[in-house]
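Colleague: Start counting at 1 in the sequence shown, then tack on 114, and there's your number in the working numbering.
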Amino acid sequence: MLDFFTIFSKGGLVLWCFQGVRGPAATAPVNALIRSVLLQERGGNNSFTHEALTLKYKLDNQFELVFVVGFQKILTLTYVDKLIDDVHKEFRDKYRNEFQQKGALGLLNGTFDFKDDFMRLLRDAEESSKVRAPMVMKTFEQSLKSQKTVKCMIETRGDKPKEKVKNKKNKGSKKDGMEAVAAPNKASVGDKQLSAAGDKEELTKDEILQKNREEFFRRHMKAGEKSRSPKPDAQKEKGKKPRVWDLGNSNAKVLDYSNSATNGSAEACPVEEFDPDMALGDKNREPGRLYDLEYESDDEAEEEKVVQNPSKPSVKKGGLGGMFGMLKGLVGSKSLTREDMDPVLEKMKDHLIAKNVAAEIAVQLCESVAKKLEGKVMGTFTTVTSTVKQALQEALVQILQPQRRVDVLRDVMDAQRHRRPYVITFCGVNGVGKSTNLAKISFWLIENGFSVLIAACDTFRAGAVEQLRTHTRRLNALHPPESHGGRSMVQLYEKGYGKDAAGIAMEAISYARNQGFDVVLVDTAGRMQDNAPLMTALAKLIAVNAPDLVLFVGEALVGNEAVDQLVKFNKALADHSMAQTPRLIDGIVLTKFDTIDDKVGAAISMTYITSKPIVFVGTGQTYCDLRSLNAKAVVAALMKA
């Protein structure tokens, strides 16, 4: 029932392959596994799904081998894990000497005749899954019912179960002190109850029932009289009146200051006079350049100190290093085991969670590093901690450099050649800074010589249109039309509040195409990932307008919430899209990065869960506070103690 089983080296050389059924070759799914899991350091789970196939794999780090088995994902094959372990052990033991003596030449020139051994192991694994111990029924003596006596199963009418009585006794144990004080006063009541109980035994069942009913009605009548209170003379009016403010106005039309009749005209956004230094911040910046994030690690600081003090003798250090290098070559090596790595990985996991990495992602990262290092040969003078730390750093850098790199300027120029606007849609939860970072990206595009049309599709939040209008005025003040041949480099397209966001975006894109704008930035309303109607509206906007780039705007402050937001946003876009291949999130804008110091774990969580790149990083309040992600700087901050 297996589709294929293949064994290849980490260098990409296929050593042996088994094709189980007639169907597509193993090339495409194995290549997908290599691209999406092995190269991206996502080996926390040994299972991978590609189209209709499920792939399970096992790594041999000592001889740099990969064992992969593929089967239809609709099947439940319980013997696959046992089979891959048995094949790994058999193949490794059979060709161990060849790998150790010849090394890479043994892989190139060796012939691996493993079919008979594999078929034997496959039959054994299939037979072991079929063999099950027969089900034996319990005897009556083994059941709990046999331990019960006839007396405990007889219930008398009116009696209470013993367990409930015990529970009541336990609950009343706290009040024993108070009951002891009031015991003399209750003695007479207890005597009356005893006498009443004796009378009940003498009465018939019908009389006991009648008496209990009378006591019940009498008790409830008394309780009803006590609970009654005199009615107030004037009853309060039902409902709640809305508060009317002294300086307010109840008419929503009066409060709508947006002017939908002035779209696309320069008069709608007059030039505003203000101090440009406040909006720009850095005076020494290079216009149009997107700087990388900067972070100075402890290692770099120590290197600088060494360079600044060259007078200190370093001959001893070099001599010791050479001596240790000789000893390291002479002394035997050691293979890493899971027991050696577990204490270090546990500390690393806690460290990652403390740095705001989502707990689930931290566990998968440590599991991936463990699988990568298990069985790997380690030098005698190399500590387990340094080896694990180095492997984790390499994995984190690889995660922050996803498969696809988004180059916005290149894509905009490509859209210019086709004489159409390049459309970017911003989405995210409430309050993460979508409009602010949209304005920063507008400023960056203008400085690179592109004209921008901002589509105000947030028709829900009060003040959203006015906020974008203010940004448009300030951007026009920084880049006045006189400096660009009389053309306004940024304009706002808005239709007020309460309108259909998808329709406004469509009109804005059409207007930009007619007026020759280079880029359209679509601002959308913030929405929680659990709000199904709003997520449906966002999926409709993206499906109808087909933007070139969909950016998810997320805070750097969040931890576990980042995973939940991205997973549910992608799921909602996939579920509510009518297209056969739904459009999902293409990239991430990470905001408020200047507020987190070295707790940069949100960047790891977001890129790990989506495999999408972080395109922009917001680092402040001015228009110049926009950066590109520097993977090494983020990892250095993350690994800082």
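In this text, a Cβ means the ideal position worked out from N, Cα and C, and glycines have one as well.
List, from N- to C-terminal side, the alpha helix (DSSP H) runs of 4 residues or more that fit wholly inside the region 168–198.
Modeller: Runs found: none.
Colleague: Identify which residue in Asn590, Leu606, Glu608 and Tyr607 has its Cα closest to the Cα of Gly600.
Modeller: In the sequence shown, counting from the first residue as 1, residue 600 sits at position 486. Minimum Cα distance to Gly600 is reached at Asn590.
Colleague: Where does Gly165 land, buried or exposed, given buried means 16+ other C-beta within 10 angstroms?
Modeller: By one-based count along the sequence shown, residue 165 stands at place 51. Correcting the residue identity first, residue 165 is Glu in this sequence and not Gly. With fewer than 16 other Cβ atoms within 10 Å, it is exposed.
Colleague: Where in the region 450–522 do unbroken runs of the alpha helix (DSSP H), each at least 4 residues long, occur, reported from the N-terminal end onward?
Modeller: You should have 452–468, 473–487 and 498–513.
Colleague: Are the CB atoms of Leu510 and Asn562 within a distance shorter than 8 Å?
Modeller: Taking the sequence shown and counting its residues from 1, one reaches residue 562 at position 448. Taking the sequence shown and counting its residues from 1, one reaches residue 510 at position 396. Cβ atoms of Asn562 and Leu510: not closer than 8 Å.
Colleague: Using the Cβ count rule (16 or more neighbours within 10 Å means buried), how would you classify Gly640?
Modeller: What you label residue 640 is simply residue 526 of the sequence shown in a count that begins at 1. Buried is the call here.
Colleague: Could I get the ranges of all uninterrupted alpha helix (DSSP H) runs contained in the region 694–754, with 4 residues as the minimum, in chain order?
Modeller: You should have 715–724 and 745–753.
Colleague: Is the region 651–667 touching the region 678–692 in the sense that three or more CB pairs, one from each, lie closer than 8 Å?
Modeller: They touch, by the three-pair rule.
Colleague: Hey, how far is the Cα of Phe564 from the Cα of Gln478?
Modeller: Indexing the sequence shown from 1 puts residue 564 at position 450. Indexing the sequence shown from 1 puts residue 478 at position 364. Cα to Cα, Phe564 sits roughly 42 Å from Gln478.
Colleague: Could you check if Gln154 is buried or exposed, using at least 16 other CB atoms within 10 Å of its CB as the buried criterion?
Modeller: The residue labelled residue 154 in the question sits at position 40 within the sequence shown. It counts as buried.
Colleague: Helix, strand or coil, according to DSSP, for Gly402 in the structure here?
Modeller: Here residue 402 corresponds to residue number 288 of the sequence shown, with the count starting at 1. Of the three classes helix, strand and coil, the one that applies to Gly402 here is coil, per DSSP.
Colleague: So what's Ala660 in DSSP terms, helix, strand or just coil?
Modeller: For the purposes of this step, residue 660 is taken as the residue at position 546 of the sequence shown. Ala660: coil per DSSP, three-state reduction.
Colleague: Taking the straight line between their C-alpha atoms, what separation do you get for Lys319 and Asp644?
Modeller: Here residue 319 corresponds to residue number 205 of the sequence shown, with the count starting at 1. Here residue 644 corresponds to residue number 530 of the sequence shown, with the count starting at 1. Spanning the two alpha carbons is a distance of roughly 60 Å.
Colleague: Secondary structure at Leu147, three-state DSSP: helix, strand or coil?
Modeller: As a working mapping, residue 147 is identified with position 33 in the sequence shown. It is helical.
Colleague: Under three-state DSSP, which class holds Gly668?
Modeller: Counting from one through the sequence shown, the residue named residue 668 turns up at place 554. Looking at Gly668 - three-state DSSP - the assignment turns out to be strand.
Colleague: Check the C-beta distance from Val201 over to Phe185 and give it rounded, since I have them as a contact under 8 Å.
Modeller: Here the question's residue 201 lines up with position 87 in the sequence shown. Here the question's residue 185 lines up with position 71 in the sequence shown. Contact flag wrong, Cβ pair sits at about 14 Å.
Colleague: Could you tell me how far apart the beta carbons of Val144 and Thr120 are, in whole angstroms, since I believe they sit closer than 8 Å?
Modeller: Sequence index remark: in the sequence shown, residue 144 carries index 30 (1-based). Sequence index remark: in the sequence shown, residue 120 carries index 6 (1-based). Val144 to Thr120, Cβ: 6 Å. Contact.
Colleague: Do you know offhand how far Ala484's Cα is from Arg149's?
Modeller: One-based indexing of the sequence shown puts residue 484 at position 370. One-based indexing of the sequence shown puts residue 149 at position 35. Using only the alpha carbons, I get a separation of about 20 Å.
Colleague: His593 by DSSP, collapsed to three states: which one?
Modeller: Within the sequence shown, residue 593 is the residue found at index 479, counting from 1. Looking at His593 - three-state DSSP - the assignment turns out to be coil, as it is neither helix nor strand.
Colleague: Where do the ends of the beta strand (DSSP E) carrying Asp637 lie?
Modeller: Here residue 637 refers to the residue found at position 523 of the sequence shown. Per DSSP, Asp637 belongs to the beta strand (DSSP E) from Val633 to Thr638.
Colleague: Excluding sequence positions up to five away, which residues of its chain have a Cβ less than 8 Å from the Cβ of Thr721?
Modeller: For the purposes of this step, residue 721 is taken as residue 607 along the sequence shown, with counting starting at 1. Taken in chain order, the residues that qualify are Ile513, Leu514, Pro516, Ile702, Pro727 and Ile728.
Colleague: Tell me which same chain residues have a C-beta within less than 6 Å of the C-beta of Ser725, skipping the five on either side of it?
Modeller: For the purposes of this step, residue 725 is taken as residue 611 along the sequence shown, with counting starting at 1. So the list reads Pro516, once near-sequence residues are dropped.
Colleague: Does DSSP put Leu127 in a helix, in a strand, or in coil?
Modeller: Translated into the one-based positions of the sequence shown, residue 127 becomes position 13. Coil.
Colleague: From the DSSP output, which residues share a beta bridge with Lys448?
Modeller: Looking up residue 448 in the sequence shown gives position 334. Looking at the DSSP assignment, Lys448 forms a beta bridge with Met492.
Colleague: Contact between the region 568–584 and the region 546–560: three or more CB pairs below 8 Å?
Modeller: Result yes; three or more Cβ-Cβ pairs closer than 8 Å.
Colleague: Go through its chain and collect everything with a Cβ distance to Val498's Cβ below 8 Å, but skip five positions before and after it.
Modeller: Along the sequence shown, one-based indexing puts residue 498 at 384. Hits under 8 Å: Leu450, Asp454, Met455, Val458 and Met492.
Colleague: Find the nearest neighbour of Glu240 within the set Lys259, Asp195 and Phe226, judged by alpha-carbon distance.
Modeller: Position 126 of the sequence shown, counted from the first residue, corresponds to residue 240. Checking every option, the nearest Cα to that of Glu240 belongs to Asp195.
Colleague: Taking C-beta to C-beta, are Thr638 and Leu606 nearer than 8 Å?
Modeller: Taking the first residue of the sequence shown as position 1, residue 638 is located at position 524. Taking the first residue of the sequence shown as position 1, residue 606 is located at position 492. The answer is no: Cβ separation not under 8 Å.
Colleague: Beta-carbon within less than 6 Å of Met440's beta-carbon, same chain only, minus the 5 sequence neighbours each way: which residues are those?
Modeller: The residue labelled residue 440 in the question sits at position 326 within the sequence shown. The predicted model places Met440 with a pLDDT of 44, which falls under 50 and marks its position as unreliable, so this point remains unresolved.
Colleague: Using the Cα positions of Glu621 and Cys738, report the straight-line distance between them to the nearest angstrom.
Modeller: The residue labelled residue 621 in the question sits at position 507 within the sequence shown. The residue labelled residue 738 in the question sits at position 624 within the sequence shown. Distance between the alpha carbons of Glu621 and Cys738: 30 Å.
Colleague: Decide yes or no for the touch test of the region 710–718 against the region 462–481: beta carbon pairs closer than 8 Å, at least 3 of them.
Modeller: Flag = yes, the region 710–718 and the region 462–481 touch.
Colleague: Can you list, in chain order, the residues of its chain whose CB lies under 8 Å from that of Lys746, leaving out five sequence neighbours each side?
Modeller: In the sequence shown, residue 746 corresponds to position 632, counting from 1. Correct list, in chain order: Val511.
Colleague: Ends of the alpha helix (DSSP H) at Phe162?
Modeller: On the sequence shown, residue 162 is found 48 positions in, with the first residue counted as 1. Element bounds for Phe162: not the alpha helix (DSSP H) but the beta strand (DSSP E), Ser161 to His164.
Colleague: Is it buried or exposed, Ile723, if we count other Cβ atoms within 10 angstroms and call 16 or more buried?
Modeller: Here residue 723 refers to the residue found at position 609 of the sequence shown. Buried, since its Cβ has 16 or more Cβ neighbours within 10 Å.
Colleague: Enumerate in chain order the residues of its own chain whose CB-to-CB distance from Lys654 is below 8 Å, with the five nearest sequence positions on each side excluded.
Modeller: Stepping through the sequence shown from its first residue, residue 654 is reached at position 540. So the qualifying residues of the chain are Ala616 and His690.
Colleague: Hey, would you say Asp708 sits closer than 8 Å to Gly673, going by beta carbons?
Modeller: Position 594 of the sequence shown holds residue 708. Position 559 of the sequence shown holds residue 673. Contact: no.
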